[in-house]
Each structure stands twice: as structure tokens, then as C-alpha cells.
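Protein chains in written order, with our numbering: chain A, 1 to 331; chain B, 332 to 662.
Ideal Cβ placement from N, Cα and C applies to all residues, glycine included.
The structure presented is a predicted model; accordingly, all values stated were derived computationally and were not measured.
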DNA sequence: TACGTTCCTGAAAACCTTTTCGGCACGGCT
DNA sequence: AGCCGTGCCGAAAAGGTTTTCAGGAACGTA
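Here it is in C-alpha cells:
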């Protein structure tokens, strides 16, 4: 099962066998053919440890995530896994469970396995501590940016997403647009709200209800806020929810109040979380953060940086609006 | 950064340095101390590739999943990751996207990386093709069993889960219990139904509505089936739903019909999918498949089998009932 | 002093591959 | 005939570690 066996079967030296299998030019075509045949006959596959030891490339990367159960890591992880493909690169998955010292442990383990690079996926879209600048491999931060601006971070453009949602509502002819969103301590909530307000201002509109409704990332808050909103501003004709969960709560109350969606009130969510949007009544128009794409690009950037050098700063990824039946033009 | 550097700094040979760091007995205490000091001073961490090359143990395992986005792989993956810990073992994550040839590719890559073992996580609870018996490393199938009974598979006990749910409803004093569930081609749906019917028979009860309602794993089906059920059997006092999604649909219709949950009708779901059960009105009693535990045990079994040998057959894992407000004793 | 023990240390082989470089054979040229 | 160039192949080193085994020192005993 080793190269030596292949070489013996083909009647050549290991050196020649190696060159034959790796497409090196200094080997006669007929010899190469014999080696290839021997290799496939023995079902030979090279020991990547030995390869890595000598080439100083392992063809592995570490994926350091902080919460696997969180729904944001997964699409990014899939995108990255996808981009690396099965060809050359394998991915070490490490979940730090949000624990800093576990993260250091994982980091240490990954480095001693000589990974070629690292992708760090945060749990919340707010910035997280840098792993440090003195690592022997390139590092890319995804979703949650590093707090060190010299690192390279890829994040979702929340402000753009908020603008996108409101823009769509305006194009649907809505004029009394409210915004119900989650925890105000989340940068993402602030950014989405800023984008929404910006687009409204551009149109000369005020936010319906007089303010952005910050609260929690839950259906219950979506329900509660909607009731308060309807009391203060009964003629609202569109609600932009800061998450699909909140949007579900919003829909629930509108349904109870017999306010037709989308004819009377249009609703836009955020996240494009399939289980929520597909089952909603009616199916929910929402902003998709394009996380798979983000993961894919992270992988590509990392791949390009291996051996070379990495950029720095925070790169924002635009989301995209996915329209379903919860929004429609007025009449 | 290599062992040679450590040895040089400590004034010993690499052999002695290796033995000192690995706790081998044939080294004087003072010498060991010097080596340890040198190692920590240089922040030395051994090259696991070289170690693996010589010890024939890489301390890595492959996690071969068929659908990452599926919600079932993730908890299992977390349990496994958890059990391996950061100490010795790292996990290669490979997602085959349900594609058979991609799976073969990944398998080949993992073997050439000399993983010490494999965990295969299926997408559906039905059986899947075996990877074969002639692999050089132990393999454990999780969630979806292998179709070869000589392999070792760890799966969730769906029949037990169905029994558990109905048992709880009976203890709550319910007598007219219905079962609305998903796609009849899923073994899991059949098993849960069998468990439910078995427990009912044991109590001398018939299923309310006269039959198990098979359909789809969606809220919409939950709503539709509930309407039909209420028409055929208006005095139903409990509904066991085959998934939390379906249960959400059930709750929705009961809410519309002003049938109080749990006083008038009790509802039990399946999966304990947090986003759905926590946000439900009222929060949903449900069966938790204990998938993290399953993943954890899979990892432990695999770890034990490395070097040794593995059992075979299908091992079932009991679920557990998580009670919330959607069920309560009658009066 | 000579010898056997015990304890510790280091040289070297091994794991498997890649890559460099020297060498061999052969043909063509002067 | 002697020389050079070209094309192909193999010996050997390298990568970093573990493990075996031989040897040296110190010590006690005869």
C-alpha cells in the first residue's frame, strides 16, 4: 500500500514512481504508464502525512466556530466546505462552544497539525477578539469581524440589507412603514435599522409608529410589538421585521386582527430561514444574507492567501431580497 | 520550533527530549525538568504529522455527513465533537451533499489522510448503503443505519418515542388521542406510529379519528390534517404530532378554532427543535431524540474501537419527553 | 582492582514521500 | 575516436518525530 510497493510492482525506483504519479516530465511515457497501472492495481493512495511533512503543505484548513448550533455558522461552513471541494483540501471542524480557553486549545491543536490556514466563524455579528497577528498561517474572520483592523474580516452588510427591505416596500407603494427588530445591543440590529431609516429619509418618509421597536429576537416580541404598533399607528401598511422569527410573530397578530397580508399590510423578514419563511402564512418575503457565498469567498480568499499574503480590513457582503407572498404592490 | 531546537536548548539529544516530553520513565527528573522548560520557552508543539507517520495514529477521525443543512446532523456532530474533545482527536468534516460519488471521493481523501476512524451521519432515519467491509479503519453509522447488519449503527428509537408521547398523554388523562404525522415512506413515521398505537392498545384505546394521518413534514399539513380531524372527531382531547413542524400547524388551527391548549386538547410534538417549540403558543411538549448523546456515544464507541474491534448490529437510543405547557392533566 | 548492576543518555533506524543531483546510455558532432 | 548534449532513471537526503539498543558513568561487591 506504499509507494515502494507500487515501485516494486512496476519495476522502478520509488523516485521514478513518485515522479510518474505526480506528472513530472522526466519520465518516459511507457514507464509512467506502467507505474500508473501498478498504482491502480494496488489501489495506492499516497500518505498525505508524509507528503505534508516534506512539502510543508498539508492541504488542511481549520474551521473555528463559536456556536455550531447557531444557524449562522452552518451556511458559512457549507460554503467553505463547498469551495474547498474534495479535491485538495480537507476541513478540521472545531467548535469552541463560546469558550475562550477552549478556543486557544483548538488553535494550538490545529497549528500542531500544521493546517494551511484558518477560518474563524463568530456567533454574533459583532466584533470578536483577534486570534493575534503572530500566527504562522493566514486567518480569515467570517460573519463576526475581528477587533483588530489589520485582520481580514468578511461580514454581512446589515445596513444594506435594511435599505434593501425598505426599498422593496417603497416600490410596493407603501408609505407607512414600521420596523420591529431585536436586541438593541446587537450591532446588526442597529445597522439594519440605520439602513431602513436612511432609505426612508431618502424618500422623505418618517418611520411609522415614530420609532424603531427594539426588543428581543423572538416571536413573542414580534407579537407584542405589533400589538403596540397597531394601537399607536392603526393605519400602518408595511412592517419590516429584524428577523424571520419576529416576522412570524408579526404575521400571527396581523392574522388575529384580520388584517390581510399583503393587501392591507406587507411584511418583510430577515435571514431567509427556510423552516420559518416557507411555513409562514403567507410565505415570507425576507432578506437573505448570502452566507454560503460569504463562506465560499472566505475559502477562496484563504486559498489564495496560502503561501502569499492576505489583505486586511472589513469586507461587507450584500444580501439579497427573496420575495414571496407576504409583500405585493398596493392594488 | 522543532524538537531538535528544544533538545539543543536543553543540552540533550532529541531522543532524550522526546522521552522527557512524553513521560517515558528512563530519564532523570532534573533532565526532564530542563527539557520541559526549554519546550515551554520555545513554545514548542510537536508536529503531529511526523508523530502520525511513525506511530500509525493520527488522532483524527472523519465525519461523513450527507446533509449539513439538515437539522439532524448538527446535534450529532456536536456530540461527537464534544466527546472527542480538544485533547487528542480532531475531526475532519465532510459533507457529501447526498451525492454518492462525492462521498466516495471524500472517503478516499480521508483514508489517504490516515484517519483513525469514521462516523457516517445519514440524512434520513432510513437505512443507507454501507461503505463496505474492507476499510482499514472502524466505521460507525449514526442516525441512518447501514444496510449491512455486520456494521455498527446507532439510531434513535422512534417506536419508543411514539410510545413515550402517548404514554404521557394517557397519564394526563386523555382518552381520545389522534396522531398526525409526516411522509409514510419514512421509516421513522411508521415506527413512531407503531409505538403510539402499541401504547394505545395496551390501554385498550383506539386511535382517535380511526387512523394515523400520514402526510408531509410541514406546518401546512399539520393545519390541514387537524381541520379534517376535527370534522371527523370533534371531541378529540389530545394530538400527537410526528414533528414539531406539524405540531405548529396543529396548534395554529386549534387556536383559530378557539380550542384551548392544553385544557381542551393537549399537543405533543417530536424533535424538540428549539426555534419551533420555544416560540410556540403555548410552548410545546415534545420528544427529544437525544441526538447529542447519540453523537457522543458514537465517538466513544469509535474511540474504543480504534486498534480493537467494533461490535455490529443496530443499537437504538431512547428519546426523552420534554414537557412544556402544551400538555397538562385534565382538570 | 576487577566485575557486575543500575541508571541515564545518545546514535541510529524507522515511518513515507518529494526532490535534487549524479550517472548511465545513446545519438550526433567534430 | 573523443566529446558533448539529451533523455531517463535511481541513490540519497530531507522533513520531524518515536523507539530500540548499545554504551557510558557511577556505584557496590568480591
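How is residue i classed by DSSP in three states: helix, strand or coil?
i                      : result
residue 151 of chain A : coil
residue 439 of chain B : helix
residue 471 of chain B : strand
residue 317 of chain A : strand
residue 243 of chain A : coil
residue 391 of chain B : strand
residue 424 of chain B : strand
residue 477 of chain B : strand
residue 54 of chain A  : helix
residue 76 of chain A  : helix
residue 525 of chain B : helix
residue 185 of chain A : coil
residue 379 of chain B : helix
residue 309 of chain A : coil
residue 128 of chain A : strand
residue 633 of chain B : helix
residue 627 of chain B : helix
residue 466 of chain B : coil
residue 434 of chain B : helix
residue 581 of chain B : helix
residue 259 of chain A : coil
residue 205 of chain A : coil
residue 271 of chain A : coil
Based on the DSSP output, what are the partners of residue i in its beta bridges?
i                      : result
residue 238 of chain A : A:177, A:266
residue 544 of chain B : B:511
residue 70 of chain A  : Per DSSP, none; premise fails for residue 70 of chain A.
residue 619 of chain B : B:651
residue 396 of chain B : B:426, B:452
Return no unless some Cβ of chain B is closer than 7 Å to the Cβ of residue i.
i                      : result
residue 291 of chain A : no
residue 113 of chain A : yes
residue 50 of chain A  : yes
residue 81 of chain A  : yes
residue 388 of chain A : Residue 388 of chain A is absent from the structure shown; chain A starts at 1 and stops at 331.
residue 228 of chain A : no
residue 219 of chain A : yes
residue 78 of chain A  : yes
residue 53 of chain A  : yes
residue 131 of chain A : no
residue 312 of chain A : no
residue 247 of chain A : no
residue 45 of chain A  : yes
residue 109 of chain A : yes
Identify the continuous beta strand (DSSP E) that holds residue i and give its terminal residues.
i                      : result
residue 121 of chain A : 117-121
Along the alpha helix (DSSP H) that carries residue i, what are the first and last residues, could you check?
i                      : result
residue 552 of chain B : 550-563
residue 347 of chain B : 345-352
residue 606 of chain B : 605-610
residue 658 of chain B : Neither: residue 658 of chain B is in no alpha helix (DSSP H) and is coded neither H nor E.
residue 498 of chain B : 489-502
residue 36 of chain A  : 29-41
residue 6 of chain A   : 3-10
Any Cβ of chain A within less than 7 Å of the Cβ of residue i?
i                      : result
residue 422 of chain B : yes
residue 489 of chain B : no
residue 610 of chain B : yes
residue 348 of chain B : no
residue 454 of chain B : no
residue 399 of chain B : yes
For the putative contact between residue i and residue j, defined by C-beta atoms under 8 Å, what is the C-beta separation to the nearest angstrom?
i                      : j                      : result
residue 261 of chain A : residue 282 of chain A : 6 Å
residue 378 of chain B : residue 90 of chain A  : With 8 Å as the limit, residue 378 of chain B and residue 90 of chain A do not qualify as a contact, their Cβ atoms being about 18 Å apart.
residue 329 of chain A : residue 173 of chain A : 6 Å
residue 402 of chain B : residue 604 of chain B : 6 Å
residue 450 of chain B : residue 641 of chain B : Not quite, the Cβ-Cβ distance comes to about 12 Å (not below 8 Å), so this is no contact.
residue 497 of chain B : residue 545 of chain B : That belief does not hold up - the Cβ atoms of residue 497 of chain B and residue 545 of chain B are roughly 17 Å apart, past 8 Å.
residue 469 of chain B : residue 636 of chain B : 4 Å
residue 209 of chain A : residue 249 of chain A : Residue 209 of chain A to residue 249 of chain A, Cβ: 16 Å. No contact.
residue 291 of chain A : residue 245 of chain A : Wrong, their Cβ atoms sit about 17 Å apart, outside the cutoff.
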